[in-house]
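Residue numbers for the sequence shown follow my numbering, beginning at 1 and rising by one. See structure below.
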Amino acid sequence: MEEQVFWSLLERVCRMGKFVTAVPNSAASANIVGEMEPGFDGGERVLQKKGEPGSHVHFNIDKISEFAFTFVDPGFGPEPCLELRTKEGAPALRLYYQGEEADKRFEEFLEQNVERRAWISGSWVSSVTAQNQGIFV
Numbered sequence: 001m002e003e004q005v006f007w008s009l010l011e012r013v014c015r016m017g018k019f020v021t022a023v024p025n026s027a028a029s030a031n032i033v034g035e036m037e038p039g040f041d042g043g044e045r046v047l048q049k050k051g052e053p054g055s056h057v058h059f060n061i062d063k064i065s066e067f068a069f070t071f072v073d074p075g076f077g078p079e080p081c082l083e084l085r086t087k088e089g090a091p092a093l094r095l096y097y098q099g100e101e102a103d104k105r106f107e108e109f110l111e112q113n114v115e116r117r118a119w120i121s122g123s124w125v126s127s128v129t130a131q132n133q134g135i136f137v
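So, in structure tokens, the structure goes:
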């Protein structure tokens, strides 16, 4: 994925509202809770907690290939989640949406990113529908 496309999509994701930003790992988890924004750590672009540049995530953009909207069960039921996935399909970062009307936010995001649809997959339909269809992880 091109760097400009990546940061453009991520910036628009940040406008959707609050997230729990998590680095998935089978042995440990690192979370940042709140509104996120693009920022800088030195000269490197990062995703950071709004107003708290010390809480941030670095990326190897060459390994990110997709923004996947899905539902993930973090242990208490399926939650709307945006996964930044690698070329192999593995989640590199998860952003659990913490607001209302996730389906509306998703539709707005798609409308704003028609020209970048090739890098966007999945959907945020209602969690009940997702569970019935077995589309959450």
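Idealized CB from N, CA, C, for every residue including glycine.
Would you grab the beta carbon distance between Q98 and G17 for me? Rounded to a whole angstrom, and I think it's under 8 Å.
7 Å
If you drop the 5 nearest sequence neighbours on each side, which residues of the same chain put their C-beta closer than 7 Å to that of Q133?
Per-residue confidence for Q133 stands at a pLDDT of 48, beneath the threshold of 50, marking its modelled position as unreliable; no derived number is given.
For F19, collect the residues of the same chain with a Cβ closer than 7 Å to its Cβ; drop the 5 residues on either side in sequence, then sort them by chain order.
So the list reads M36, L95, Y96, Y97 and Q98, once near-sequence residues are dropped.
What residues in its chain sit with their C-beta under 7 Å from that of V125, if we drop five residues either side in the sequence?
D103
L47 and P53: beta carbons closer than 8 Å?
no
Which two residues bound the contiguous beta strand (DSSP E) that contains D41?
A30 to D41
Does the beta-carbon distance from E3 to I61 come in below 8 Å?
yes
Extent of the continuous beta strand (DSSP E) to which K49 belongs
E44 to K49
Which residues bound the alpha helix (DSSP H) around S123?
It is not in any alpha helix (DSSP H) - S123 carries neither H nor E in the DSSP assignment.
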